[in-house]
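K.L.:
Residues 1 to 234 in UniProt numbering are what the sequence shown lists, from first letter to last.
Note that beta-carbon positions come from the ideal geometry of N, C-alpha and C, so glycine has one too.
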Amino acid sequence: MLKVSSLQGRDFKVQVESKDTSISMKSALEITCSVSGGNLIGSRFSVAWLLDGAVMATWDTSGVSSFGTQYRTQEAKGQISVRRRDHETWTLRLNQVNEQDGGSYLCDVTEEMSKMRRQSTSVDISIKIPETAIRSVRLHSDVSELYEGDSLTLFCQVSGLSASIDLTWLTKRPSGQWVEVATLKRDDSVVKGDGGPYCCRLTAWMQQPDDEWRNETYNSSTIQINVRPLGKCL
(Lines of atoms letter the chains of each structure in order from A and count residues from 1; the text may use other names and numbers.)
(Lines give C-alpha, C1' and ligand atoms only; values in the text may rest on other atoms or scores of the structure.)
Protein backbone atom coordinates (compact mmCIF):
# COMPACT_ATOMS: atom_id res chain seq x y z
CA MET A 1 0.00 0.00 0.00
CA LEU A 2 1.50 3.30 -1.11
CA LYS A 3 0.23 6.53 0.41
CA VAL A 4 1.50 10.02 -0.32
CA SER A 5 0.23 13.43 0.72
CA SER A 6 0.68 17.13 0.09
CA LEU A 7 2.04 19.62 2.57
CA GLN A 8 -0.67 20.51 5.01
CA GLY A 9 -2.68 23.55 4.00
CA ARG A 10 -4.27 26.04 6.37
CA ASP A 11 -7.49 24.04 6.77
CA PHE A 12 -6.99 20.64 5.16
CA LYS A 13 -4.57 18.44 3.32
CA VAL A 14 -5.14 16.00 0.46
CA GLN A 15 -3.91 12.44 0.14
CA VAL A 16 -3.91 10.08 -2.86
CA GLU A 17 -3.73 6.35 -2.31
CA SER A 18 -3.46 3.23 -4.46
CA LYS A 19 -3.31 -0.33 -3.19
CA ASP A 20 -1.06 -1.39 -6.08
CA THR A 21 1.39 0.69 -8.09
CA SER A 22 2.34 -2.00 -10.63
CA ILE A 23 -0.59 -3.90 -12.09
CA SER A 24 -1.27 -6.12 -15.07
CA MET A 25 -3.31 -5.08 -18.07
CA LYS A 26 -7.04 -5.76 -17.69
CA SER A 27 -6.75 -5.65 -13.88
CA ALA A 28 -8.79 -3.19 -11.82
CA LEU A 29 -7.23 0.01 -10.51
CA GLU A 30 -8.57 2.19 -7.70
CA ILE A 31 -7.24 5.66 -6.94
CA THR A 32 -8.56 7.02 -3.64
CA CYS A 33 -8.56 10.70 -2.67
CA SER A 34 -9.10 11.80 0.92
CA VAL A 35 -9.00 15.03 2.90
CA SER A 36 -8.01 15.54 6.52
CA GLY A 37 -7.29 18.44 8.81
CA GLY A 38 -8.98 20.49 11.50
CA ASN A 39 -12.71 20.97 11.79
CA LEU A 40 -14.17 19.74 8.48
CA ILE A 41 -17.76 19.62 9.72
CA GLY A 42 -19.99 21.36 7.18
CA SER A 43 -17.27 21.49 4.53
CA ARG A 44 -18.21 20.49 0.99
CA PHE A 45 -15.57 19.41 -1.48
CA SER A 46 -15.24 18.98 -5.22
CA VAL A 47 -12.62 16.44 -6.30
CA ALA A 48 -10.68 15.92 -9.53
CA TRP A 49 -8.41 13.04 -10.51
CA LEU A 50 -5.56 13.94 -12.85
CA LEU A 51 -3.37 11.62 -14.90
CA ASP A 52 -0.13 13.20 -16.13
CA GLY A 53 -1.72 16.63 -15.66
CA ALA A 54 -4.95 15.91 -17.59
CA VAL A 55 -8.30 15.65 -15.81
CA MET A 56 -9.70 12.13 -15.91
CA ALA A 57 -12.74 12.49 -13.70
CA THR A 58 -14.43 14.91 -11.30
CA TRP A 59 -16.90 14.74 -8.42
CA ASP A 60 -18.75 17.93 -7.59
CA THR A 61 -20.30 19.04 -4.33
CA SER A 62 -23.76 17.87 -5.42
CA GLY A 63 -22.48 14.32 -5.95
CA VAL A 64 -22.40 14.40 -9.75
CA SER A 65 -19.42 12.79 -11.47
CA SER A 66 -18.10 13.59 -14.95
CA PHE A 67 -15.28 12.25 -17.09
CA GLY A 68 -12.74 13.54 -19.57
CA THR A 69 -13.58 13.21 -23.26
CA GLN A 70 -11.26 10.25 -23.80
CA TYR A 71 -12.96 8.30 -20.99
CA ARG A 72 -16.60 8.74 -21.98
CA THR A 73 -16.71 5.52 -23.98
CA GLN A 74 -15.41 3.65 -20.94
CA GLU A 75 -18.01 5.40 -18.79
CA ALA A 76 -20.80 4.32 -21.15
CA LYS A 77 -19.59 0.71 -20.86
CA GLY A 78 -19.38 0.90 -17.08
CA GLN A 79 -15.60 0.49 -17.14
CA ILE A 80 -14.83 3.66 -15.16
CA SER A 81 -16.66 5.10 -12.16
CA VAL A 82 -16.38 7.44 -9.19
CA ARG A 83 -17.95 6.97 -5.76
CA ARG A 84 -17.82 8.66 -2.38
CA ARG A 85 -16.94 6.28 0.44
CA ASP A 86 -17.61 8.81 3.20
CA HIS A 87 -17.65 12.58 3.71
CA GLU A 88 -13.88 12.83 3.30
CA THR A 89 -13.00 9.96 0.91
CA TRP A 90 -13.63 9.40 -2.82
CA THR A 91 -12.52 6.59 -5.13
CA LEU A 92 -11.93 6.47 -8.87
CA ARG A 93 -12.14 2.93 -10.26
CA LEU A 94 -11.03 1.59 -13.65
CA ASN A 95 -12.31 -1.94 -14.11
CA GLN A 96 -9.79 -2.97 -16.79
CA VAL A 97 -6.66 -0.92 -17.27
CA ASN A 98 -4.75 -0.60 -20.53
CA GLU A 99 -1.21 0.53 -21.22
CA GLN A 100 -2.27 4.19 -21.55
CA ASP A 101 -3.65 4.16 -17.99
CA GLY A 102 -0.14 4.11 -16.55
CA GLY A 103 1.38 7.37 -15.34
CA SER A 104 1.33 9.87 -12.48
CA TYR A 105 -1.99 10.29 -10.67
CA LEU A 106 -2.88 13.06 -8.25
CA CYS A 107 -5.95 14.54 -6.61
CA ASP A 108 -7.08 18.17 -6.79
CA VAL A 109 -9.63 19.18 -4.13
CA THR A 110 -11.51 22.48 -3.67
CA GLU A 111 -13.58 23.44 -0.62
CA GLU A 112 -16.85 25.02 -1.74
CA MET A 113 -17.26 27.89 0.74
CA SER A 114 -13.68 29.08 1.17
CA LYS A 115 -12.64 28.20 -2.42
CA MET A 116 -9.46 26.84 -0.87
CA ARG A 117 -7.76 24.43 -3.23
CA ARG A 118 -5.23 21.76 -2.38
CA GLN A 119 -3.42 19.10 -4.42
CA SER A 120 -1.86 15.86 -3.32
CA THR A 121 1.56 14.81 -4.48
CA SER A 122 1.48 12.18 -7.21
CA VAL A 123 1.49 8.40 -7.13
CA ASP A 124 3.05 6.62 -10.12
CA ILE A 125 1.20 3.65 -11.59
CA SER A 126 2.91 1.29 -14.03
CA ILE A 127 1.02 -1.15 -16.25
CA LYS A 128 2.65 -4.54 -16.83
CA ILE A 129 2.46 -5.48 -20.51
CA PRO A 130 1.65 -9.15 -21.18
CA GLU A 131 4.45 -11.21 -22.67
CA THR A 132 2.36 -11.88 -25.75
CA ALA A 133 2.71 -8.25 -26.84
CA ILE A 134 4.67 -7.68 -30.06
CA ARG A 135 6.75 -4.55 -29.61
CA SER A 136 8.66 -4.34 -32.88
CA VAL A 137 9.72 -6.25 -35.99
CA ARG A 138 13.10 -5.41 -37.52
CA LEU A 139 14.80 -6.69 -40.67
CA HIS A 140 18.55 -6.48 -41.11
CA SER A 141 21.34 -8.03 -43.17
CA ASP A 142 25.08 -8.30 -42.76
CA VAL A 143 25.57 -6.68 -46.17
CA SER A 144 23.68 -4.17 -48.30
CA GLU A 145 25.68 -4.69 -51.51
CA LEU A 146 26.93 -7.93 -53.03
CA TYR A 147 27.84 -9.61 -56.33
CA GLU A 148 25.75 -11.87 -58.48
CA GLY A 149 26.32 -15.41 -57.26
CA ASP A 150 26.80 -14.39 -53.64
CA SER A 151 24.53 -15.63 -50.87
CA LEU A 152 22.21 -13.24 -49.05
CA THR A 153 21.02 -13.79 -45.49
CA LEU A 154 18.18 -11.72 -44.06
CA PHE A 155 17.46 -11.63 -40.32
CA CYS A 156 14.01 -10.83 -38.94
CA GLN A 157 14.22 -9.76 -35.30
CA VAL A 158 11.03 -9.74 -33.21
CA SER A 159 10.82 -7.88 -29.90
CA GLY A 160 8.13 -9.30 -27.66
CA LEU A 161 6.52 -12.72 -27.64
CA SER A 162 3.44 -14.43 -28.96
CA ALA A 163 2.25 -18.00 -28.67
CA SER A 164 1.79 -18.37 -32.42
CA ILE A 165 3.53 -16.35 -35.12
CA ASP A 166 4.22 -16.62 -38.85
CA LEU A 167 7.13 -14.84 -40.54
CA THR A 168 7.32 -13.93 -44.21
CA TRP A 169 10.19 -12.27 -46.07
CA LEU A 170 9.08 -10.01 -48.92
CA THR A 171 10.80 -8.20 -51.76
CA LYS A 172 9.48 -5.50 -54.06
CA ARG A 173 9.66 -6.38 -57.75
CA PRO A 174 10.19 -3.80 -60.55
CA SER A 175 6.43 -3.91 -61.19
CA GLY A 176 5.92 -2.47 -57.70
CA GLN A 177 4.38 -5.67 -56.35
CA TRP A 178 5.60 -7.16 -53.06
CA VAL A 179 6.18 -10.92 -53.35
CA GLU A 180 7.32 -13.56 -50.91
CA VAL A 181 10.99 -14.37 -51.22
CA ALA A 182 10.16 -18.06 -50.79
CA THR A 183 8.17 -18.02 -54.05
CA LEU A 184 11.19 -16.94 -56.12
CA LYS A 185 12.80 -19.82 -58.00
CA ARG A 186 16.38 -19.48 -56.81
CA ASP A 187 19.21 -21.54 -55.48
CA ASP A 188 21.39 -20.05 -52.75
CA SER A 189 22.89 -17.40 -55.04
CA VAL A 190 21.50 -14.02 -56.02
CA VAL A 191 21.14 -12.49 -59.47
CA LYS A 192 20.98 -8.83 -60.40
CA GLY A 193 17.20 -8.90 -60.39
CA ASP A 194 17.22 -9.75 -56.70
CA GLY A 195 18.31 -6.23 -55.81
CA GLY A 196 15.70 -3.93 -54.33
CA PRO A 197 13.72 -3.28 -51.15
CA TYR A 198 13.09 -6.10 -48.66
CA CYS A 199 10.93 -6.31 -45.57
CA CYS A 200 9.79 -8.83 -43.00
CA ARG A 201 6.12 -9.43 -42.17
CA LEU A 202 4.88 -11.05 -38.99
CA THR A 203 1.36 -12.28 -38.37
CA ALA A 204 0.28 -13.35 -34.89
CA TRP A 205 -2.85 -14.16 -32.98
CA MET A 206 -3.08 -11.50 -30.27
CA GLN A 207 -5.50 -11.25 -27.35
CA GLN A 208 -7.27 -7.90 -27.28
CA PRO A 209 -8.39 -5.91 -24.20
CA ASP A 210 -11.96 -7.15 -24.86
CA ASP A 211 -10.65 -10.77 -24.55
CA GLU A 212 -11.15 -11.46 -28.26
CA TRP A 213 -8.32 -12.92 -30.32
CA ARG A 214 -7.41 -11.27 -33.61
CA ASN A 215 -4.87 -12.09 -36.27
CA GLU A 216 -2.67 -8.99 -36.48
CA THR A 217 0.03 -8.06 -38.98
CA TYR A 218 3.29 -6.23 -38.24
CA ASN A 219 5.71 -5.05 -40.94
CA SER A 220 9.34 -4.18 -40.47
CA SER A 221 10.85 -1.13 -42.11
CA THR A 222 12.41 -1.85 -45.50
CA ILE A 223 16.08 -2.29 -46.29
CA GLN A 224 17.70 -1.84 -49.69
CA ILE A 225 19.84 -4.61 -51.18
CA ASN A 226 22.00 -3.85 -54.22
CA VAL A 227 23.30 -6.66 -56.44
CA ARG A 228 26.20 -5.86 -58.79
CA PRO A 229 27.02 -7.86 -61.92
CA LEU A 230 30.21 -9.89 -61.85
CA GLY A 231 33.20 -7.97 -63.09
CA LYS A 232 32.11 -4.66 -61.56
CA CYS A 233 33.57 -3.33 -58.34
CA LEU A 234 31.33 -2.67 -55.35
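In three-state terms, what does DSSP make of V181?
P.N.:
Correct three-state label for V181: helix.
K.L.:
Give the straight-line distance between the Cα atoms of E216 and T168, rounded to the nearest whole angstrom.
P.N.:
Going by the C-alpha atoms only, they are around 14 Å apart.
K.L.:
Could you spell out the range, first to last residue, of the alpha helix (DSSP H) harbouring E73?
P.N.:
The sequence given here has Thr at residue 73, not Glu. Where T73 is concerned, the enclosing alpha helix (DSSP H) stretches over 72 to 76.
K.L.:
Do the segment 114 to 131 and the segment 10 to 22 touch if we need at least three Cβ pairs shorter than 8 Å?
P.N.:
Result yes; three or more Cβ-Cβ pairs closer than 8 Å.
K.L.:
Taking buried to mean at least 16 other C-beta atoms within 10 Å of its own C-beta, is D52 buried or exposed?
P.N.:
Counting Cβ neighbours within 10 Å, D52 comes out exposed, since fewer than 16 surround it.
K.L.:
T61 by DSSP, collapsed to three states: which one?
P.N.:
In this structure, T61 counts as coil in the three-state DSSP scheme.
K.L.:
Bridge partners of T203, per DSSP?
P.N.:
Note: T203 sits in a beta bridge opposite D166, T217.
K.L.:
I need the straight-line Cα distance from K26 to I129, nearest angstrom please.
P.N.:
Approximately 10 Å, taken between the alpha carbons.
K.L.:
In the DSSP assignment, find the unbroken beta strand (DSSP E) run with A28 in it and report its ends.
P.N.:
No beta strand (DSSP E) holds A28; DSSP gives it neither H nor E.
K.L.:
Under 8 Å, Cβ to Cβ, is there at least one residue of chain B near T203?
P.N.:
Protein chains in the displayed structure number just one, and chain B is not present.
K.L.:
What does the Cβ neighbour count give for V191, buried or exposed, with the cut at 16 atoms within 10 Å?
P.N.:
With fewer than 16 other Cβ atoms within 10 Å, it is exposed.
K.L.:
Give the DSSP bridge partners of I225, in chain order.
P.N.:
Its beta-bridge partners are G196.
K.L.:
What is the rounded straight-line gap between the Cα of L63 and the Cα of T121?
P.N.:
Note that residue 63 is Gly in the sequence shown, not Leu. Roughly 24 Å between the two C-alpha positions.
K.L.:
Do the segment 141 to 154 and the segment 30 to 41 touch if we need at least three Cβ pairs shorter than 8 Å?
P.N.:
The answer is no - the segment 30 to 41 does not touch the segment 141 to 154, with fewer than three Cβ pairs under 8 Å.
K.L.:
DSSP has R135 in a bridge; who is on the other side?
P.N.:
None; R135 has no bridge partner.
K.L.:
For N98 and S104, I'd like the C-alpha separation in whole angstroms.
P.N.:
Computed Cα separation, rounded: 15 Å.
K.L.:
In the structure shown, what three-state DSSP assignment does E88 receive?
P.N.:
DSSP places E88 in coil when its eight states are reduced to three.
K.L.:
When the Cα of E112 is compared with those of L230, I223, N95, D11, which residue comes out closest?
P.N.:
With distances taken between Cα atoms, E112 lies closest to D11.
K.L.:
Between the C-alpha atoms of S159 and Y218, what's the straight-line distance to the nearest angstrom?
P.N.:
In a straight line, the C-alpha of S159 is about 11 Å away from that of Y218.
K.L.:
In terms of residue numbering, what span does the beta strand (DSSP E) encompassing Q157 cover?
P.N.:
Counting along the chain, the beta strand (DSSP E) containing Q157 begins and ends at 154 to 160.
K.L.:
If I measure Cβ to Cβ from L230 and keep anything under 8 Å in the same chain, skipping five residues before and after, which residues do I get?
P.N.:
So the list reads Y147, E148, G149, once near-sequence residues are dropped.
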